[in-house]
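Asker:
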């Protein structure tokens, strides 16, 4: 146990000495580096760009007064659609169960799961198409 502790302390001392040597070597390299001096026209070109940006007109604000009613209407339509979907889902599922009495309960559960997956895929497709339509004129998609 004492020998293992001695070996570990020797390894720690060697690591400390190695890191100290690396730090001094880095210090010598950095001290030998020449000072960085910008080119003669750099300051003038930077100040010219700053003045151009200061003279530029402010960005056009987003028309929130026109967008808020559309956002509220869309959220209301989607909320109403979700409520109707949940309200009408049990009778549709029970009629599916009555119409297919020859199917097992496990198969009906699989059909129900497939219906939810199909619904999720449809919503994903609709949102992707909407985003593509919105960004299509900008060439993003």
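In the working numbering, the protein residues as written are 1431 to 1571. Just so you know, even glycine gets a beta-carbon here, dropped at the ideal spot from N, CA and C. For clarity, every value in this text was computed on a predicted model and none was experimentally measured.
(1) Just how far apart, CA to CA, sit residue 1513 and residue 1554?
(2) Could you pull the start and end residues of the alpha helix (DSSP H) that residue 1475 belongs to?
(3) Work out the CA separation of residue 1500 and residue 1559 for me, nearest whole Å.
(4) So for residue 1505, helix, strand or coil by DSSP?
(5) Three-state secondary structure (DSSP) at residue 1468?
(6) Between residue 1470 and chain B, is there a C-beta pair that is closer than 9 Å?
Answerer: Result, derived from the coordinates:
(1) 19 Å
(2) 1472–1485
(3) 18 Å
(4) helix
(5) coil
(6) Any reference to chain B falls outside this structure, which holds one protein chain only.
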